[in-house]
């Protein structure tokens, strides 16, 4: 498999490397330099005070606990350049520092990167931490969650209703961290203070909830401490502030009971209780297909947000207004009346949250598998034929404007086709395997093999190749790295009563995907490549020949 890995690396890197221009800022954000690889984050202790009146974060800090991977005396963290760093402290017991008062560290800034200098060499294997105090006006979201930041809204009773979304943009838009998907803390504490009587909801489990007086504001604040007991990627860390009411349910599986928590605006409780009844059957389907919910000890939660939705780990953002489909439209849900946002964002708990990519260029692993999980949910709830309709309905959303894979090391994601084109790519792969037992074992196997890890695309593709016993490297390159779909070209030539089929693929080099066709009686496989082939179809009506196109994502062209 080592040769396959190298081949894939060449394909994925060479195609995208020079496809567009990037800046120094992009490299600082996306590249893993020694200033980042020198340390591994173990734990974040984030403390935030939110002033909704001024739309600021005040007197906040993050304790970054880390382990040195090799000797260093400087490393990089990240915080949006519009946010002010008050000080960076290093509570070191070394004699270089005062062993009572923490050391203030020197640092420099370039764009969103912060280069922190230590007073001594941090040795390989050493565990330590820094405290970054900061303040400022975090970026306001323009079109959340796609163009993210803070959403400063009010509900219909004029109460503050606040949320944050930052996938792609980066968590450093509002808190200091090592802002690269390849490094997740093993666990995390999130403490948020919001003006009384607003309630705070974050990821994980609530540890404490108290009302305190803050002299600086001359006001009372609700302070909530939440704890995440699993690895979490930075963009999934969130806070929600509002006039929430909390109610609970349970999902009982064969092994255990999962706590379900719902945080909704107080006046929406009644309709939320009815609408969220679809959650338990959905979790039953996903557990059957993908295995145990990956954040069992932290529980499952939906939090009502002023934006459409986001897969915030164990605190899923929900803003679909208790409507079926996508904002009430059934176009995305193929005419079925389930809540698209609940299903899609929950799918991300497995695909994107538990299995996370090292580089956002490989974001298709999050979105393609998650969008395909919608089809599997439909198959579970409504049957195989409805799944076929659902997944083929996704074809109309494909644009084929640029490759699905982005450019590596510059924080660049690829085309939005990673959702529906990627889903149909996986549907096509299932067809090619001709073995559903194998297919579902591969899906679950990926989730087991890479659970709570950060990975690269070639690891997933190599896993599929290994478990299937076939090399799908060219197949993935065609769909992920190239705009055009493979085009099946064919001719039907009649000689007397006999019909001859001539056929080939128009596709990238070495593409030779099998194809399922029918000439009037039953389906059968043909094996086109880039060269013209021919076969006799016997005495048939030419109009009876067809490609079983609902099982594939391809273009078809009849050549005269």
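In the numbering used here, the protein residues as written are 249 to 808. Think of the CB as a built atom: it goes at the ideal place given N, C-alpha and C, for glycine as much as any other residue.
Can you tell me whether residue 476 is buried or exposed? The criterion is at least 16 other CB atoms within 10 Å of its CB, across all chains shown.
The residue labelled residue 476 in the question sits at position 228 within the chain shown. Residue environment for residue 476: buried (at least 16 other C-beta atoms within 10 angstroms of its C-beta).
Please classify residue 717: does DSSP put it in a helix, a strand, or coil?
Residue numbering aside, residue 717 sits at position 469 when the chain shown is read from its first letter. Here residue 717 carries a coil assignment [DSSP, helix/strand/coil].
Assuming residue 563 and residue 449 are in contact, meaning their beta carbons sit under 8 Å apart, how far apart are those beta carbons, in whole angstroms?
Within the chain shown, numbered from 1, the residue matching residue 563 stands at position 315. Within the chain shown, numbered from 1, the residue matching residue 449 stands at position 201. Yes, they are in contact, since the Cβ atoms of residue 563 and residue 449 sit about 6 Å apart, within 8 Å.
Residue 545 versus residue 663: straight-line alpha-carbon distance, rounded
Within the chain shown, the letter at position 297 stands for residue 545. Within the chain shown, the letter at position 415 stands for residue 663. Cα-Cα distance, rounded: 35 Å.
Neighbourhood of residue 621 by C-beta, 6 Å cutoff - its chain only, sequence neighbours within 5 removed
The residue labelled residue 621 in the question sits at position 373 within the chain shown. Cβ-Cβ distances below 6 Å link residue 621 to 595 in the same chain, with the five nearest sequence neighbours on each side left out; the list follows chain order.
Let's see if you can read the secondary structure: which residues bound the beta strand (DSSP E) around residue 513?
Indexing the chain shown from 1 puts residue 513 at position 265. Per DSSP, residue 513 belongs to the beta strand (DSSP E) from 505-513.
Nearest-angstrom Cα distance between residue 417 and residue 328?
Translated into the one-based positions of the chain shown, residue 417 becomes position 169. Translated into the one-based positions of the chain shown, residue 328 becomes position 80. If I take the Cα positions, the gap works out to 10 Å.
What are the boundary residues of the beta strand (DSSP E) that includes residue 783?
As a working mapping, residue 783 is identified with position 535 in the chain shown. Under the DSSP assignment, residue 783 falls in the beta strand (DSSP E) whose first and last residues are 781-786.
With hydrogens ignored, establish whether the beta-carbon of residue 647 is closer than 8 Å to any heavy atom of the ligand FAD.
The ligand FAD is absent from the structure shown, which contains no ligand whatsoever.
Distance CB(residue 236)-CB(residue 586) smaller than 9 Å
Missing from the structure shown is residue 236; the chain here goes from 249 to 808 and no further.
So what's residue 412 in DSSP terms, helix, strand or just coil?
Here the question's residue 412 lines up with position 164 in the chain shown. Secondary structure of residue 412 (DSSP, three-state): strand.
Taking the alpha carbon of residue 728 as the point to measure from, which residue in 580, 651 and 391 has its own alpha carbon closest?
Within the chain shown, numbered from 1, the residue matching residue 728 stands at position 480. The residue among 580, 651 and 391 with its C-alpha nearest the C-alpha of residue 728 is 651.
Can you give the beta carbon distance from residue 781 to residue 742, rounded, assuming they're within the 8 Å contact cut?
The sequence position of residue 781 within the chain shown is 533, counting from 1. The sequence position of residue 742 within the chain shown is 494, counting from 1. With a Cβ gap of about 18 Å, residue 781 and residue 742 do not count as contacting.
So for residue 538, helix, strand or coil by DSSP?
Start at 1 with the first residue of the chain shown, and residue 538 comes out as number 290. Reduced to three states, the DSSP call for residue 538 is helix.
By the three-class DSSP mapping on this structure, what secondary structure does residue 526 have?
Within the chain shown, residue 526 is the residue found at index 278, counting from 1. Here residue 526 sits in helix by DSSP.
For residue 258, the three-state DSSP class (helix, strand or coil):
Within the chain shown, numbered from 1, the residue matching residue 258 stands at position 10. In this prediction, residue 258 has a pLDDT of 46, which is less than 50 and means its spatial position is unreliable; what the coordinates show is noted afterwards. If DSSP states are grouped into helix, strand and coil, residue 258 belongs with the helices.
So residue 301 is in the alpha helix (DSSP H); what residue range does that whole segment cover?
Translated into the one-based positions of the chain shown, residue 301 becomes position 53. No alpha helix (DSSP H) contains residue 301, which DSSP labels as neither H nor E.
Over the uninterrupted beta strand (DSSP E) stretch that includes residue 368, give me the two end residues.
Within the chain shown, numbered from 1, the residue matching residue 368 stands at position 120. Run containing residue 368: 361-370, per the beta strand (DSSP E) assignment.
What does DSSP give as the partner residues of residue 772 in its beta bridges?
Looking up residue 772 in the chain shown gives position 524. The beta-bridge partner set that DSSP reports for residue 772 consists of 765.
Measure from the alpha carbon of residue 633 to the alpha carbon of each residue in 316, 799, 370 and 401, then state which is nearest.
Taking the first residue of the chain shown as position 1, residue 633 is located at position 385. Of 316, 799, 370 and 401, the residue nearest in Cα terms is 799.
Best match in 708, 773, 656 and 706 for proximity to residue 679 [C-alpha to C-alpha]
The residue labelled residue 679 in the question sits at position 431 within the chain shown. For residue 679, the nearest C-alpha among the options comes from 773.
Out of 303, 554 and 522, which has the shortest C-alpha to C-alpha gap to residue 409?
Residue 409 sits at position 161 when you count from the first residue of the chain shown. Closest in C-alpha terms to residue 409, from the list 303, 554 and 522, comes 554.
Any idea what DSSP makes of residue 467, helix, strand or coil?
Start at 1 with the first residue of the chain shown, and residue 467 comes out as number 219. Residue state for residue 467 is assigned as strand, using DSSP reduced to three classes.
Cα-Cα separation between residue 233 and residue 393, rounded to whole angstroms:
The structure shown does not extend to residue 233, since the chain is modelled only from 249 to 808, so the question has no answer here.
In this structure, how does DSSP classify residue 706 when only helix, strand and coil are distinguished?
One-based indexing of the chain shown puts residue 706 at position 458. In this structure, residue 706 counts as helix in the three-state DSSP scheme.
Specify, as a first and last residue, the run of the alpha helix (DSSP H) that residue 628 falls within.
Within the chain shown, numbered from 1, the residue matching residue 628 stands at position 380. Here the alpha helix (DSSP H) through residue 628 covers 612-630.
Determine the burial state of residue 211: buried for a count of at least 16 other Cβ atoms within 10 Å of its Cβ, exposed for fewer.
Outside the displayed range of the chain (249 to 808) lies residue 211, so it cannot be described from this structure.
Can you give the beta carbon distance from residue 559 to residue 525, rounded, assuming they're within the 8 Å contact cut?
Indexing the chain shown from 1 puts residue 559 at position 311. Indexing the chain shown from 1 puts residue 525 at position 277. About 21 Å separates the CB atoms of residue 559 and residue 525; that is not less than 8 Å, and the two are not in contact.
Option nearest residue 628 by Cα separation, candidates 591, 570, 602 and 758
The count along the chain shown starts at 1 and reaches residue 628 at position 380. Considering only alpha carbons, the answer is 591.
Own chain partners of residue 369 with C-beta closer than 6 Å, once the 5 adjacent residues on each side are dropped
By 1-based counting over the chain shown, the position of residue 369 is 121. Excluding positions up to five away in sequence, the list reads 319 and 321.
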